[in-house]
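Novice:
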Amino acid sequence: MSRFLRRFARHRLAVASALLLVILAGAALAAPLIEAQLGLDPTAVSLLDRFGPPSFDHPLGTDELGRDVLVRLLYGGRVSLFVGVAAALASAVIGTGIGLLAGYYGGRLDDLLMRVTDGLIALPLLPLLIVLGAIDLTRLGIPPEVAGSEDASLIRIVVLVALFGWTTVARLVRGATLSARRRDYVLAAVAMGADSRRIMLTHILPNVAAPAVVATTLTVGNVILLESVLSFLGLGIQPPLPSWGNMLTNAQEQVGSAPMLAVWPGLLIFLTVIAVNLLGDGLQDALDPRTSGKR
1 MSRFLRRFAR
11 HRLAVASALL
21 LVILAGAALA
31 APLIEAQLGL
41 DPTAVSLLDR
51 FGPPSFDHPL
61 GTDELGRDVL
71 VRLLYGGRVS
81 LFVGVAAALA
91 SAVIGTGIGL
101 LAGYYGGRLD
111 DLLMRVTDGL
121 IALPLLPLLI
131 VLGAIDLTRL
141 GIPPEVAGSE
151 DASLIRIVVL
161 VALFGWTTVA
171 RLVRGATLSA
181 RRRDYVLAAV
191 AMGADSRRIM
201 LTHILPNVAA
211 PAVVATTLTV
221 GNVILLESVL
231 SFLGLGIQPP
241 LPSWGNMLTN
251 AQEQVGSAPM
261 LAVWPGLLIF
271 LTVIAVNLLG
281 DGLQDALDPR
291 TSGKR
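With the first letter of the sequence shown counted as 1, position 115 gets the number 115 in UniProt numbering; the numbers rise by one all the way through.
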């Protein structure tokens with residue numbers, strides 16, 4: 001662990017990115033406290049305060065409905081970051097499981113799982129998510145009160161990305177598993193009579209986790225971008241629940257008169273995605289020191 005931290009600390013951009021992500025996540029988690037401190041309600045509409053400039057009461061001004069921009073950005077960060085992390089983790093769990101099974105057992109199971117993976121990779125992800133995001137949940141037997149709730153659109157995006165976004169992790173873990181199962185420590189475990197489940201979870205998984213961790217980190221940024229695009233198209237997080245994506249959607253008609261309403265959420269999306277990608281680069285260098293000399 002100490003060697004990992006030392007190698008990671010040498011990647012200054014990754015350290016700065018990690019610090020930025022911690023600040024953004026901490027500010028988002030502290031949204032209720034900041035809301036109470038400022039005495040603001042992010043859902044309260046005040047038409048008399050529309051497009052208000054930055055002030056002591058509203059540090060970043062107000063939007064087209066008189067709502068405080070700062071508090072809505074913080075609550076939007078809670079949603080966007082949660083969607084990114086939850087979907088990336090779910091994708092990693094699915095991809096790691098499939099990659100382990102395919103790489104360890106090989107044969108027909110490997111062929112079947114990899115053909116399914118190839119089929120999903122061949123699908124255009126964004127158009128597919130747009131189509132599935134437009135499906136009326138009530139037609140699937142989900143009660144209207146559940147389908148129309150604020151959390152339904154959030155959970156839908158997490159589930160869709162998890163179901164179709166695991167392919168990269170699966171391929172990386174499969175390749176690492178194919179290599180690891182021929183190592184001496186795995187062959188020794190087999191000779192001692194250890195069952196397949198124990199070998200995969202105890203001996204192989206810890207040694208193939210590095211590529212999965214890096215891929216999961218990079219997936220977070222991609223998911224945040226997907227959520228922003230879907231929300232911009234009206235198929236993602238539905239108002240009044242704020243996200244950075246639907247805040248951009250609401251601001252597109254006011255770009256000429258109030259451009260900062262689009263700048264703030266767009267800037268936060270940009271900074272978050274860049275920080276996540278740089279963090280992934282740093283983790284890759286720290287977990288696999290062989291790559292550090294190539295950069």
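Yeah, the Cβ is synthetic: ideal placement off N, Cα and C, and Gly gets one too.
Three or more C-beta pairs under 8 angstroms: does that hold for the region 78-97 against the region 219-229?
Specialist: Yes: at least three Cβ pairs fall under 8 angstroms.
Novice: If you reduce the DSSP assignment to three classes, tell me which class D68 lands in.
Specialist: DSSP places D68 in strand when its eight states are reduced to three.
Novice: Is DSSP giving H11 helix, strand or coil here?
Specialist: Looking at H11 - three-state DSSP - the assignment turns out to be coil, as it is neither helix nor strand.
Novice: Taking just the CA atoms, how far does L248 sit from V93?
Specialist: Their Cα atoms are separated by approximately 31 angstroms.
Novice: Under 8 angstroms, do G133 and L235 count as touching if we go by C-beta distance?
Specialist: Yes, the Cβ-Cβ distance between G133 and L235 is below 8 angstroms.
Novice: Hey, would you say L70 sits closer than 8 angstroms to L60, going by beta carbons?
Specialist: In contact: L70 and L60 (Cβ atoms closer than 8 angstroms).
Novice: Between L205 and A275, what straight-line distance do the alpha-carbon atoms span, to the nearest angstrom?
Specialist: Between L205 and A275, the C-alpha separation is close to 27 angstroms.
Novice: Taking the alpha carbon of T62 as the reference point, which residue from M260, L287 and L278 has its own alpha carbon closest?
Specialist: Answer by Cα proximity: M260.
Novice: What does T62 pair with, by DSSP beta-bridge criteria?
Specialist: BP columns for T62 point to D68.
Novice: Return the CA-CA distance between T138 and V131, expressed in angstroms with no decimal places.
Specialist: Whole-angstrom Cα-Cα distance: 16 angstroms.
Novice: Note the first and the last residue of the continuous alpha helix (DSSP H) segment covering E35.
Specialist: Per DSSP, E35 belongs to the alpha helix (DSSP H) from A31 to L38.
Novice: Taking V255 as part of the alpha helix (DSSP H), name the residues at either end of that continuous run.
Specialist: No alpha helix (DSSP H) holds V255; DSSP gives it neither H nor E.
Novice: With a CB to CB cut of under 7 angstroms and the five nearest residues on each side skipped, what residues in its chain are close to A180?
Specialist: Taken in chain order, the residues that qualify are V186, I204, N207 and V208.
Novice: Using 8 angstroms as the threshold, is the C-beta distance between L101 and L109 below it?
Specialist: Yes. Within cutoff.
Novice: I need the straight-line Cα distance from A147 to P265, nearest angstrom please.
Specialist: Cα to Cα, A147 sits roughly 27 angstroms from P265.
Novice: Going by beta-carbon coordinates alone, are V45 and R72 separated by less than 8 angstroms?
Specialist: Contact: no.
Novice: Three-state secondary structure (DSSP) at V239?
Specialist: Before going on, a small fix: residue 239 reads as Pro here, not Val. Three-state result, P239: coil.
Novice: Does R115 pass the burial test, meaning 16 or more other C-beta atoms within 10 Å, or should it be called exposed?
Specialist: Per the 10 Å Cβ criterion, exposed.
Novice: Alpha carbon to alpha carbon, how far is T43 from I34?
Specialist: C-alpha separation (whole angstroms): 15 angstroms.
Novice: Assess, as a yes-or-no matter, whether the region 158-171 is touched by the region 269-283 under the definition of 3 or more beta carbon pairs within less than 8 angstroms.
Specialist: No, they do not touch.
Novice: Near G193, which residues of its chain fall below 8 angstroms by C-beta distance, leaving aside the five closest residues on each side in sequence?
Specialist: Closer than 8 angstroms at Cβ, skipping near neighbours: no residue.
Novice: Ignore the nearest five residues each way along the sequence and tell me which others in R183's own chain have a CB closer than 6 angstroms to its CB.
Specialist: Contacts found: none.
Novice: So L279 packs on L21, CB below 8 angstroms; how close in whole Å?
Specialist: The Cβ separation is near 7 angstroms, so the contact holds.
Novice: Beta carbon of V159, beta carbon of V223: below 8 angstroms?
Specialist: No, the pair does not count as a contact, with Cβ atoms beyond the cut-off.
Novice: Taking buried to mean at least 16 other C-beta atoms within 10 Å of its own C-beta, is G95 buried or exposed?
Specialist: The residue in question, G95, is buried, as its Cβ has 16 or more Cβ neighbours within 10 Å.
Novice: Given a cut-off of 8 angstroms, decide if D281 and R7 are closer than it, judged by their beta-carbon atoms.
Specialist: For R7 and D281, no; Cβs fall outside 8 angstroms.
Novice: If I follow the unbroken alpha helix (DSSP H) through D49, where does it start and stop?
Specialist: Premise fails: D49 is in no alpha helix (DSSP H) and is neither H nor E.
Novice: For the alpha helix (DSSP H) that contains F56, what are its first and last residues?
Specialist: From DSSP, F56 is part of no alpha helix (DSSP H); its letter is neither H nor E.
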